[in-house]
Structure formats: C-alpha cells, structure tokens
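Student: Reminder that position 29 of the sequence shown reads as 29 in full-length UniProt numbering, one-by-one numbering, no gaps.
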Amino acid sequence: MTQATARHILVETEAKCEELKQAIENGQDFADVAREHSRCPSGRNGGDLGSFGPGQMVPEFDKAVFNSDLNTVIGPVKTQFGYHLLEVTSRN
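Laid out in structure tokens, this is it:
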C-alpha cells in the first residue's frame, strides 16, 4: 500500500494560508512557520504528520497528498478543519 509522510500548517482563513505560503516560498522554513502559526497540535513538531496511507485523512487532504509533487508547498487546501498548507516529504 502507498504510504506518504507529510507536514502541514492549519489556519482559519484562506488569506492567512496564502500569506504563510508566500513567506515559505520567500525562504522562511516550513517547520518554523508551522510552530508559530499552525492551529493543529502537530505544529509543535513543525507540522509533521508522520506516515499514513490513502483514506486515513479527510478526502480533500488525501487527494492533495497523494496527487502532488514531493517537497513543494501545496495549498491552500480547504477542509472541515480550516485551511492547510501541505508539504509531502516522501511517498512510496
């Protein structure tokens, strides 16, 4: 079964998500931004979600993780929890 490892940042608004994406694309470290801004408990760990397979996350998140390039900032991705920036760090 395919497995992915990823990290994410969860915020309340699409505008905040876009702002943070721009900051990361301009050189800020994804993990540092996650620790400072993410509303998810994983933010304390730089947004690290560990390893998971298809169907273990909400559908919008799942689709983004398993259909994107590695090591690129993806998002905003809207889910029932808010807006996410994602970075898939590996997939096999």
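Think of the CB as a built atom: it goes at the ideal place given N, C-alpha and C, for glycine as much as any other residue.
How many angstroms separate the CA atom of Asp48 from the CA atom of Ala15?
Tutor: Here residue 48 refers to the residue found at position 48 of the sequence shown. Here residue 15 refers to the residue found at position 15 of the sequence shown. C-alpha separation (whole angstroms): 22 angstroms.
Student: Around the C-beta of Lys63, are 16 or more other C-beta atoms found within 10 angstroms, so that it is buried, or is it exposed?
Tutor: On the sequence shown, residue 63 is found 63 positions in, with the first residue counted as 1. That one is exposed.
Student: Round the Cβ separation of Ser42 and His8 to the nearest angstrom and send it over; I've been treating them as touching at under 8 angstroms.
Tutor: The residue labelled residue 42 in the question sits at position 42 within the sequence shown. The residue labelled residue 8 in the question sits at position 8 within the sequence shown. So it is a contact: roughly 7 angstroms between Cβ atoms.
Student: Using 8 angstroms as the threshold, is the C-beta distance between Ala34 and Val88 below it?
Tutor: By 1-based counting over the sequence shown, the position of residue 34 is 34. By 1-based counting over the sequence shown, the position of residue 88 is 88. In this structure, Val88 does not lie closer than 8 angstroms to Ala34 by Cβ.
Student: Can you tell which of Gly82, Arg91, Ser90 and Asn92 has its C-alpha closest to the C-alpha of Cys40?
Tutor: The residue labelled residue 40 in the question sits at position 40 within the sequence shown. Per the Cα distances, Gly82.
Student: Please confirm whether Val65 and Leu86 have their CB atoms less than 8 angstroms apart.
Tutor: Here the question's residue 65 lines up with position 65 in the sequence shown. Here the question's residue 86 lines up with position 86 in the sequence shown. Yes.
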